[in-house]
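This report refers to the structure that appears directly beneath it.
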Amino acid sequence: MNRMILGAIAALALAGFAGASSAEQNPAAVAQARHEHFKQIGGAAKNISDQLKSGKPVVSEVQMYAKRLDDLAPQLPSWFPAGTGPDAGIKTHAKADVWTKPGEFKTDAAAFAVEAHKLNVAALSGDIAAVGAQMTAVGKTCKTCHTTFREKDD
Amino acid sequence: METVPVPPAKASTVRVRIWDRPTRLFHWLIVVLIGLAWWTAQIGQMQWHKRLGYGIAGLLLFRLYWGLAGGSTARFSSFLKGPVTVARYAAGLFRRPSDIGPPGHNPMGGWSVAALLAVMGTVVGLGLFTVDVDGEESGPFADRISFDAGRVAAHWHHLLFNGLLALIGVHLFAIAFYAVVKRHNLLGAMITGQGRAGQGSQDVRPAGIWRLGVGMVLAAVFAVALGKGFKV
Chain X
1 MNRMILGAIA ALALAGFAGA SSAEQNPAAV AQARHEHFKQ IGGAAKNISD QLKSGKPVVS
61 EVQMYAKRLD DLAPQLPSWF PAGTGPDAGI KTHAKADVWT KPGEFKTDAA AFAVEAHKLN
121 VAALSGDIAA VGAQMTAVGK TCKTCHTTFR EKDD
Chain S
1001 METVPVPPAK ASTVRVRIWD RPTRLFHWLI VVLIGLAWWT AQIGQMQWHK RLGYGIAGLL
1061 LFRLYWGLAG GSTARFSSFL KGPVTVARYA AGLFRRPSDI GPPGHNPMGG WSVAALLAVM
1121 GTVVGLGLFT VDVDGEESGP FADRISFDAG RVAAHWHHLL FNGLLALIGV HLFAIAFYAV
1181 VKRHNLLGAM ITGQGRAGQG SQDVRPAGIW RLGVGMVLAA VFAVALGKGF KV
């Protein structure tokens, strides 16, 4: 019995260690994947903006990209495991504050997820004016978080 | 009878009208608009930043037109000189006393103006395709390209703006150099239109009012069309 428990604990510890070390071993790959995720978010937002600007938006397109934003937004905090910040000596625009102010970071990310979900709801309703207004709200959450946690482009 | 040796003649100059009103107005408007465009980008007022960009684009188009149809000193044909003339002028730059030439841009300054116009045009052109990092704000032509390409445009928009700042720095340095070393006030001429020029110089030949009207309409239509992304 004891041996089984010990074995289980050891297995769990190993698994946990392996899980943690995979991120630590290759922070560059994590940062790269994170970068790709953010490009998907930016691309989706741009596609919705393009539709809104076109004067004759295709509702199905708006809905597709709004759903993508709603799907991606809640995942955002998981793209920032410990050890994948600027201290790791990798190419990233993420500031160290992401990890030193985790509470504020999570709040900002959660605000984005909430507004992205509302965007999806607005898109599903087919109300383009509501989508436009909600895009502004989503954009504000992008900006709020980026101001604090993202290094400016040079 | 003994002739008294004539003292070395001080380079003599005359005061003439150098710049026509539209050229001066263009100059100071673009100074203000570029300053405001920079500032609105800093504070994230992108709606105003874009409007200012369309205004700058309109002004640049006006200046190109004025370079073909404007007052004599504003015309490209009057101030874009060949490499030999430029090299000769550059070689004589430190010769004293001052050798003030005909009214208008000197052979080096002419190309400096051309470079400023070209870089300003490129910065504005890139801005039309620029996408911000959130994919939320973008130039009127950004819907024709991908998010990634729009980010590349943003990068160069920013980089070339720094290039523009460098050119403006050279421009200001040259004006200070002429004021201090050559005792030639260039700034005053761009404000009042009048200044010193070489002996025998004539006033600028201004272009007719109807030419000005055509240029202003062209610039306004262009700026508004850009704002609409050339969509009706």
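Here the protein sequences line up with chains X and S, keeping their order. Note that our numbering has the first sequence beginning at 1, numbered continuously upward. Note that our numbering has the second sequence beginning at 1001, numbered continuously upward. Where is the CB? At the ideal position from N, CA and C, for every residue including glycine.
Give the DSSP-derived three-state secondary structure of residue i in the structure shown.
i: Val1181(S); result: coil
i: Leu1031(S); result: Leu is not the amino acid found at residue 1031(S); the sequence shown has Val there. Helix, per DSSP.
i: Lys1228(S); result: coil
i: Gln1199(S); result: coil
i: Ala1219(S); result: helix
i: Ser125(X); result: helix
i: Arg150(X); result: strand
i: Val1133(S); result: coil
i: Ser1112(S); result: helix
i: Ser21(X); result: Since pLDDT at Ser21(X) reaches only 46, below the 50 mark, its modelled position is unreliable, and the value read off the structure follows with that caveat. In the structure shown, Ser21(X) sits in a helix (DSSP, three-state: H, G or I).
i: Ala1207(S); result: coil
i: Ala213(X); result: Summary: the structure shown does not reach residue 213(X), with chain X confined to residues 1 through 154, and so no result is reported for it.
Output the distance between the C-alpha atoms of residue i and residue j, rounded to the nearest integer angstrom.
i: Leu1167(S); j: Gly1110(S); result: 13 Å
i: Leu1226(S); j: Thr141(X); result: 29 Å
i: Trp1156(S); j: Gln1202(S); result: 43 Å
i: Gly1215(S); j: Trp1066(S); result: 7 Å
i: Val1181(S); j: Leu1172(S); result: 14 Å
i: Val131(X); j: Gln1194(S); result: 56 Å
i: Met135(X); j: Trp1210(S); result: 46 Å
i: Ala1074(S); j: Ile90(X); result: 52 Å
i: Ala1223(S); j: Gly55(X); result: 19 Å
i: Leu69(X); j: Met1108(S); result: 54 Å
i: Ala23(X); j: Gly1053(S); result: Only weak support is given to the placement of Ala23(X): the predicted model assigns it a pLDDT of 48, under 50, and the value that follows is read from those uncertain coordinates. In a straight line, the C-alpha of Ala23(X) is about 44 Å away from that of Gly1053(S).
i: Phe1141(S); j: Ala94(X); result: 29 Å
i: His117(X); j: Pro102(X); result: 22 Å
i: Ile1191(S); j: Gly1169(S); result: 19 Å
i: Asp1020(S); j: Asp1099(S); result: 23 Å
i: Val1152(S); j: Ala122(X); result: 31 Å
i: Pro81(X); j: Tyr65(X); result: 26 Å
i: Phe17(X); j: Ala73(X); result: Confidence is the limiting factor: at Phe17(X) the pLDDT is only 46, short of 50, which leaves the residue's position unreliable, though a coordinate-based value still follows. Looking at the two C-alpha atoms, the distance is approximately 27 Å.
i: Phe1129(S); j: Lys1050(S); result: 11 Å
i: Val1221(S); j: Gly85(X); result: 49 Å
i: Gly1058(S); j: Ala1219(S); result: 4 Å
Does the Cβ of residue i have 16 or more other Cβ atoms within 10 Å, making it buried, or fewer, making it exposed?
i: Phe1233(S); result: Chain S is shown only over 1001 to 1232; residue 1233(S) falls outside these bounds and no answer can be derived.
i: Ser21(X); result: The pLDDT assigned to Ser21(X) is 46, lower than 50, so where the model puts this residue is not dependable, and the model offers no usable value.
i: Phe149(X); result: buried
i: Asp1132(S); result: buried
i: Lys1228(S); result: exposed
i: Lys1231(S); result: exposed
i: Ala113(X); result: buried
i: Ser1078(S); result: buried
i: Trp1039(S); result: exposed
i: Phe38(X); result: buried
i: Gly1044(S); result: exposed
i: Ala1091(S); result: exposed
i: Val58(X); result: exposed
i: Gly1035(S); result: exposed
i: Phe1094(S); result: exposed
The region 1014 to 1032 of chain S contacting the region 1196 to 1207 of chain S, beta-carbon criterion three pairs below 8 Å: yes
Contiguous alpha helix (DSSP H) assignments of at least 4 residues, all confined to the region 48 to 84 of chain X: 59 to 72
The region 1026 to 1033 of chain S / the region 1082 to 1093 of chain S touching (three or more Cβ pairs under 8 Å): no
Within the region 1011 to 1092 of chain S, ranges of the beta strand (DSSP E) (whole runs, at least 3 residues): 1013 to 1017
The region 48 to 60 of chain X in contact with the region 101 to 110 of chain X per 3-pair CB rule at 8 Å: no
Touching by the beta-carbon criterion (3+ pairs, under 8 Å), the region 1130 to 1145 of chain S and the region 29 to 45 of chain X: yes
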